[in-house]
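Residue 79 in the UniProt record's numbering sits at position 79 of the sequence shown; the count goes up by one each step and never skips. As structure tokens, the structure follows; a few thoughts come after it.
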Amino acid sequence: MGTTNEKTRYSDAELQEFKDIILEKLRIAKEELASLTSTLSNSNANGTDDTAGTYKTLEDGSATLEKEQVNQLAARQKKFIDNLEAALVRIENKTYGICRETGKLIQKERLKAVPHTTLSIEAKNKQY
Numbered sequence: 001m002g003t004t005n006e007k008t009r010y011s012d013a014e015l016q017e018f019k020d021i022i023l024e025k026l027r028i029a030k031e032e033l034a035s036l037t038s039t040l041s042n043s044n045a046n047g048t049d050d051t052a053g054t055y056k057t058l059e060d061g062s063a064t065l066e067k068e069q070v071n072q073l074a075a076r077q078k079k080f081i082d083n084l085e086a087a088l089v090r091i092e093n094k095t096y097g098i099c100r101e102t103g104k105l106i107q108k109e110r111l112k113a114v115p116h117t118t119l120s121i122e123a124k125n126k127q128y
């Protein structure tokens, strides 16, 4: 076999290591999403029955703003979960860790920090 110093994909052992990292991040992300979702459903229960034309107080305004922020966080968390799940699919296909722009392997350190990334640092820097 011809030896090349440039690997074209991560080994199964390495992929398993990344899978463990991703599964752990997924577990935490899903817990956080569940927590955000329960915060939202609890805030919906509060003060929704007094719709008798009363003026919105400052408190209602801040509650609305807070709910908006929680909604945004939940949406971001859902997207993060989707990205992590897509990364698991790439692990199954053995295409995980390959930059979609350059076709080269993404550095291990980058993948450990951002396990759902599909871009190498070089490709990411070119975007700016």
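Glycine included, each C-beta is placed from N, C-alpha and C at the ideal position. Everything numeric in this text was worked out from a predicted model, so none of it was measured.
In three-state terms, what does DSSP make of residue i?
i, result
"I28", "helix"
"L119", "coil"
"I21", "helix"
"I106", "coil"
"A52", "With a pLDDT of only 45 at A52, under 50, the local geometry of the prediction cannot be trusted, and the value read off the model is given with reservation. Coil."
In whole angstroms, what separates the C-alpha of residue i from that of residue j?
i, j, result
"I91", "A75", "25 Å"
"L119", "E14", "18 Å"
"N71", "L36", "8 Å"
"N42", "G61", "17 Å"
"D20", "K79", "20 Å"
"K7", "I22", "22 Å"
"Y128", "R100", "17 Å"
"K126", "N93", "27 Å"
Can residue i and residue j be called in contact, C-beta distance under 8 Å?
i, j, result
"L73", "H116", "no"
"K30", "I81", "yes"
"L105", "F18", "no"
"Q77", "L33", "yes"
"T95", "E122", "no"
"L40", "K67", "yes"
"R9", "I98", "yes"
Below 7 Å CB to CB, which residues in the same chain sit around residue i once its five sequence neighbours on both sides are set aside?
i, result
"K25", "L84, P115"
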